[in-house]
Amino acid sequence: WAQWVLQYLTDADAARALGALGRSLSPTGLLVLKENYPYWLPPVERSAAFAVDVPEGEHGRYDVTRPDAHHRLLFHAARLRVVQAERGSETVTWVLGAEAGAA
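In this note's numbering, the protein residues as written are 133 to 235.
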């Protein structure tokens, strides 16, 4: 289970981290990933919108909210397949498995 991790990583780092997690799975193993999506935008914009929070104050941090389609590109780059996906009110949870032949 990984939750609210990718939002703090660049695409390249996210793909590398997902790839490492995928390579650690057994042949029937699954990875559950939960991330925010831009739920506050109008529905027509959510499917392609990225949102970036910028630091405020002493402990501010950058984070990026990616659309589902972009997460799926990262999963593909990491040789992971989506087994199941569920959208909540503010998050999406994916169940991921290794692509066939991934090792």
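Where is the CB? At the ideal position from N, CA and C, for every residue including glycine.
Note down, in chain order, each residue of its chain lying with its Cβ closer than 8 Å to the Cβ of residue i, except the 5 sequence neighbours on either side.
i	result
Asp195	Gln139, Tyr140, Val184, Asp185
Pro199	Tyr169, Pro170, Arg178, Ser179, Ala180, Ala181, Phe182
Ser221	Tyr171
Ala147	Leu206, Ala209, Ala210
Ala144	none
Ala201	Ser179, Ala180
Inspect the beta-carbon positions of residue i and residue j and report whether they are closer than 9 Å.
i	j	result
Tyr169	Thr142	no
Ala209	Pro159	no
Phe207	Leu150	yes
Do you know how far the Cα of residue j is from the Cα of residue i?
i	j	result
Leu153	Arg211	10 Å
Gly189	Leu205	33 Å
Val137	His191	17 Å
Gly233	Leu173	38 Å
Ala155	Glu218	The question names Ala, but residue 155 is Arg in the sequence shown. Using only the alpha carbons, I get a separation of about 23 Å.
Less than 8 Å between the CB atoms is what I'm expecting for residue i and residue j, so what's the real figure, rounded?
i	j	result
Val224	Glu167	6 Å
In chain order, what residues of the same chain lie with their CB nearer than 7 Å to the CB of residue i, ignoring the 5 residues before and after it?
i	result
Val227	Leu162, Val164, Val215, Gln216
Trp133	Val164
Ignore the nearest five residues each way along the sequence and tell me which others in residue i's own chain have a CB closer than 6 Å to its CB.
i	result
His203	none
Tyr135	With the sequence shown as reference, residue 135 is identified as Gln, and Tyr is not the correct amino acid for it. Closer than 6 Å at the Cβ level, and outside the excluded window around Gln135, lie Lys166.
query = At what residue ranges does the segment 159-207 contain a whole run of the beta strand (DSSP E), taking only runs of 3 or more?
reply = 163-168, 183-185, 195-197
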